[in-house]
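Here the protein sequences line up with chains L and B, keeping their order. All residue numbers for the first sequence refer to this note's numbering, where the first residue is 1 and numbers rise by one. All residue numbers for the second sequence refer to this note's numbering, where the first residue is 486 and numbers rise by one. From the three backbone atoms N, C-alpha and C, an ideal C-beta is built for every residue, glycine too.
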Amino acid sequence: MKQTLMLLLFSLLNFGSLAIYAQIEDQCLTCHEAIGDKAAELYKTDIHFVKNISCTACHGGNNQLDDMEAAMSKKEGFKGVPKGDEISERCSSCHSKSEVMKKYNSNLPTDQIELIQNSVHWQKSISGNSNILQCINCHNAHGIVPVSNPASPVYSLNIPATCSKCHSNAIYMRSYNPSMPIDQYQKYLTSIHGMKNRKGDVKAADCSDCHGSHDIRNSHDVKSKVYPINIPKTCSECHSNHEYMSSYNIPTDQFAKYSKSVHGVALLEKNDLSAPACNSCHGNHAAVPPGVQSISKVCGTCHVLNAELFAGSPHKKVFDEKNYPECETCHKNHEIVTATNDLIGVEKGSACSKCHDELSNVEGYKSARTMKQLIDSLDTRIAFAKKLVEDAEQKGMEISEAKFKLRDAAQSKQEARTVIHSFNLDKFNEVVKGKGLTTTSLIIVEARESIDDYYFRRYGLAVSVFIITGLAITIFLYIRKIEKS
Amino acid sequence: MKLNWEKFYGWIDERLQLQDLVNFMGKKYVPVHRHSIWYYFGGVTLFLFIIQVLTGILLLFYYKGSADLAFESIQFIMSKVQFGWLIRSIHTWSANLFILSAFIHMFSVYFEKSYRKPREMTWVTGMLMLFLGLGFGFSGYLLPWNELAFFATKVGSDIIGAVPLVGEELKIFMRGGEDVTGATLSRMFGFHIALFPALFSILLVIHLLIVQRQGISQPLHLESEAENEIKKMPFFPNFFLRDLLLWLLVLNILSILAVFFPSELGHKADPFASAPEGIKPEWYFLFMFQTLKYFPAHIWFVEGEIVGIILFGFAGILWLLVPFWDRKSSIGKKNRMINYIGIFAVMFIIVLTILGWIS
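Here's what the structure looks like:
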């Protein structure tokens, strides 16, 4: 305690002496304060003031001269108020140089200007005279305080409001991108992140956590942190950090599970941009976990038919009553793997068997068992038909029509896997038997005919070679006979 | 049975005087010597041509010569038409054997110098038929309208387009436009089943008439021998039956090839698809295709490919006109240079074909 008090006293004395020194020496401040200049007032709270960096660092001139005209003369290098890109240039004249920054014991990075130059904000503004964004738009011009200071516009709790100054301004935004939404801030306030941010939780994600700070890129830019392929990794920066998330009491294995899921593999390994990333189910600016009863609607944005069939199925009512999370009940959430036939049926481990057993739910149990038998038999028949077609093809037979029908059979199987969400045995039967098994039977017949034809050709060849050779021998003998005579 | 045949023959003979023809053929003799085997390749080539015509007519019953239907019609022939696969496979294989047999026949005539006076026209008509045979191959290759055929025709017609002065016009004429399209298919179909067969038939009739009129050529070394010392066999029935025997053997080979290696169809041509790797022409164009690859991009100020085409064109004309510049053979003298050129040509074709095949 004693040590802390000593340290505080020392710090106050130290900063106080610096401030007094700046006041005494800096004639700019003396005059501008005297005339009630608001900039001068703000400057006194500025980190640069604390670090004894005078007005001349940005504006030029000589702060030692008390003659205003001499101090602000061209001879003394007075530059006045920087405009447009000059602003960022002035900032970067120190902030991009590590040797300068070291003088002030700063551990700030020195690549901000480099990063912002690659960002979406470093484009010509509508006036064409300068780039859209300058440092002061986010950090203020006078009264700049460290990011960690709650008074800073880029302090975590202030960032959403700072960004929204432009991004929620319809008139301003339509000048640049009329199709871009302007409700991000409103949505953010309804999100878990936004609500926690409003409550003063600096750990909750703000705009910069997902979009970056100086290097914000267009979401269509493959290098953007919110480009579809990069979103899971961006979210996982916090959500996979066990220590960081410990106070929220939620799991941190979502990314690990998602990466192994059918969606994760499609997006992260196959670079399939149509595959869902975190925001596809949770929303982006209004990110919240979907409610139990809305899961099928969320999944249904892509899996339309499955969702429709499920909504009309007897399961919908029961799931709602029992508060089961719809699709998630059978398919899980983050680690959704490719559905196999084993998902249905009454065997141990199947999804149906979780609720349906032979004694308590006889009808459902029977249906589940029959559906499994049907889809298994379709699988077996398709595999058999495929093998026969391959065999015929390998024998050099023209079997393209049967090969084409194999696609129909595969399509029937796909249809059956969709129809199963109606949990209606008759409808399922119609697809599996009516389409799938009928088609495979046709394929099997055609393939067998082709294979039979293959052997018929060989037997036919043997017969014809025998006849032709016999004829040739007869001619040969006849030639010998006539030539002898 | 014998009586019935005699009655039937008598009935025909009474009307067509067949016996005169038999007597005429019976008086024709074929020289017998150590190179007599080569005489049979003319007959084999004719036999394969007849098979081509017959199977071609059968294919025509189902083939549809348009870009939309050609591939599907061949698919139908191969899978639905009774013995369609056999007819198409025999047509394809006999086309290849026809070209091979024609080449063997041509080189045997060349090395025996059978083109010498007075058989210059037999040689010229034969050579023109060989060129037409190559034309048959090129035009027929596109007809299934599959991927390989499409791109091979594109490459082949591009090479023709490089011929100086007339190449571009020739290419457009062949393609029926700037690119290989359905118009090219219709044109090739027309060439394959109408124009080329008509020209070929005229040349064939002339060729056979001259052979009948002048008889079969005998080698130079027999010319010095007295007529009665030369061993001969009657054309009919001895030579004719031997011909028939060989034809039956060729038919056997054809059937085996058709059954064990039936023609493939591949994928339908897609003008917007990229060319599959390793596009090559049919084997009988391979030596020319491979040779053109070895030419540098430029020879002085002329494109290497153009130089190659000019050289092949020049060699072809020289080959066609060999009876007219080989004076020595015409007067019954030995001309070793002709043999050397011939051996070089055979070796060149074989080596370059192998190189083209394995590359």
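With residue i and residue j assumed to form a contact (beta carbons below 8 angstroms), what rounded beta-carbon distance in angstroms separates them?
| i | j | result |
| --- | --- | --- |
| G641 (chain B) | P766 (chain B) | 6 angstroms |
| F772 (chain B) | T838 (chain B) | 5 angstroms |
| P228 (chain L) | L273 (chain L) | 5 angstroms |
| F526 (chain B) | S586 (chain B) | 5 angstroms |
| H421 (chain L) | L309 (chain L) | 4 angstroms |
| L655 (chain B) | V648 (chain B) | 6 angstroms |
In angstroms, rounded to a whole number, what distance separates the CA positions of residue i and residue j?
| i | j | result |
| --- | --- | --- |
| L866 (chain B) | Y524 (chain B) | No answer is possible for residue 866 (chain B): the residues shown for chain B start at 486 and end at 844. |
| V120 (chain L) | Q112 (chain L) | 14 angstroms |
| P325 (chain L) | I295 (chain L) | 7 angstroms |
| E430 (chain L) | E390 (chain L) | 28 angstroms |
| V318 (chain L) | R369 (chain L) | 20 angstroms |
| A287 (chain L) | D206 (chain L) | 12 angstroms |
| K44 (chain L) | H285 (chain L) | 37 angstroms |
| A85 (chain L) | N131 (chain L) | Note that residue 85 (chain L) is Asp in the sequence shown here, rather than Ala. The straight-line gap from Cα to Cα measures roughly 6 angstroms. |
| G283 (chain L) | Y176 (chain L) | 24 angstroms |
| I816 (chain B) | V690 (chain B) | 28 angstroms |
| F621 (chain B) | L545 (chain B) | 15 angstroms |
| P704 (chain B) | S521 (chain B) | 10 angstroms |
| H139 (chain L) | H220 (chain L) | 26 angstroms |
| R812 (chain B) | F829 (chain B) | 20 angstroms |
| P289 (chain L) | Y248 (chain L) | 14 angstroms |
| I741 (chain B) | S574 (chain B) | 10 angstroms |
| L680 (chain B) | F770 (chain B) | 21 angstroms |
| N129 (chain L) | P82 (chain L) | 13 angstroms |
| H315 (chain L) | V432 (chain L) | 21 angstroms |
| L803 (chain B) | F797 (chain B) | 10 angstroms |
| Y21 (chain L) | T56 (chain L) | Note on Y21 (chain L): pLDDT 44, under 50, position unreliable in the model; no value is reported. |
| I701 (chain B) | P719 (chain B) | 12 angstroms |
| N737 (chain B) | A743 (chain B) | 10 angstroms |
| A758 (chain B) | H752 (chain B) | 11 angstroms |
| I868 (chain B) | F556 (chain B) | A query on residue 868 (chain B) cannot be resolved here, the shown segment of chain B reaching from 486 to 844 and no further. |
| H331 (chain L) | T338 (chain L) | 9 angstroms |
| V445 (chain L) | A385 (chain L) | 9 angstroms |
| E321 (chain L) | D209 (chain L) | 39 angstroms |
| E762 (chain B) | V304 (chain L) | 41 angstroms |
| K165 (chain L) | K354 (chain L) | 52 angstroms |
| A462 (chain L) | V735 (chain B) | 15 angstroms |
Any idea if residue i is buried or exposed, counting beta-carbon neighbours within 10 angstroms, 16 or more meaning buried?
| i | result |
| --- | --- |
| W122 (chain L) | buried |
| P251 (chain L) | exposed |
| S172 (chain L) | Inspection of the sequence shows that residue 172 (chain L) is occupied by Tyr rather than by Ser. Exposed. |
| R821 (chain B) | exposed |
| Y455 (chain L) | exposed |
| S246 (chain L) | exposed |
| L531 (chain B) | buried |
| V783 (chain B) | Looking at the sequence provided, one finds His at residue 783 (chain B) rather than Val. Classification for H783 (chain B): exposed. |
| Q537 (chain B) | buried |
| Y595 (chain B) | buried |
| N323 (chain L) | exposed |
| P178 (chain L) | exposed |
May I ask you to check if the CB of residue i is nearer than 6 angstroms to at least one heavy atom of the ligand HEM?
| i | result |
| --- | --- |
| L650 (chain B) | By its list of ligands, the structure shown contains no ligand whatsoever, and the ligand HEM lies outside what it can speak to. |
Indicate whether the contact test is met: 3 or more Cβ pairs, each with one atom in the stretch 156-173 of chain L and one in the stretch 52-67 of chain L, closer than 8 angstroms. no
Quick one, which residues of the stretch 553-567 of chain B are near chain L if we go by CB-CB under 8 angstroms, in chain order? Q560, M563 and S564
Near-chain B residues of the stretch 399-422 of chain L (beta-carbon distance less than 8 angstroms), N- to C-terminal order: I399, S400 and E401
Using 8 angstroms as the Cβ pair cut-off and three pairs as the minimum, do the stretch 276-296 of chain L and the stretch 218-235 of chain L touch? yes
Report yes or no: do the stretch 90-105 of chain L and the stretch 185-192 of chain L share at least 3 C-beta pairs separated by less than 8 angstroms? no
Chain B contacts made by the stretch 445-457 of chain L, where a contact means CB separation under 7 angstroms: R457
Are three or more beta carbon pairs between the stretch 430-446 of chain L and the stretch 396-413 of chain L nearer than 8 angstroms? yes
Between the stretch 375-385 of chain L and the stretch 332-348 of chain L, can you find at least three pairs of beta-carbon atoms closer than 8 angstroms? yes
I'd like to know if the stretch 581-596 of chain B and the stretch 607-624 of chain B are in contact, where contact means that at least 3 CB-CB pairs between them fall below 8 angstroms. yes
Output needed in chain order: residues of the stretch 566-593 of chain B with a Cβ under 8 angstroms from some Cβ in chain L. W570 and L571
Positions along the stretch 718-733 of chain B whose CB lies within less than 7 angstroms of some CB in chain L: P722, N723, L726, R727, L729, L730 and L733
Just by C-beta distance, which residues in the stretch 374-388 of chain L are closer than 7 angstroms to chain B? none
Output, in sequence order along the chain, the residues in the stretch 467-482 of chain L whose CB is closer than 8 angstroms to any CB in chain B. I468, T469, L471, A472, I475, F476, Y478, I479 and I482
Going along the stretch 739-770 of chain B in order, which residues come within less than 7 angstroms of chain L, judged by CB to CB distance? S740, I741, V744, P747 and L750
Can you list, in chain order, the residues of the stretch 787-821 of chain B whose Cβ is nearer than 9 angstroms to any Cβ on chain L? none
Check distances from the C-beta atoms of the stretch 680-713 of chain B to those of chain L and list, in chain order, the residues that come in under 7 angstroms. none
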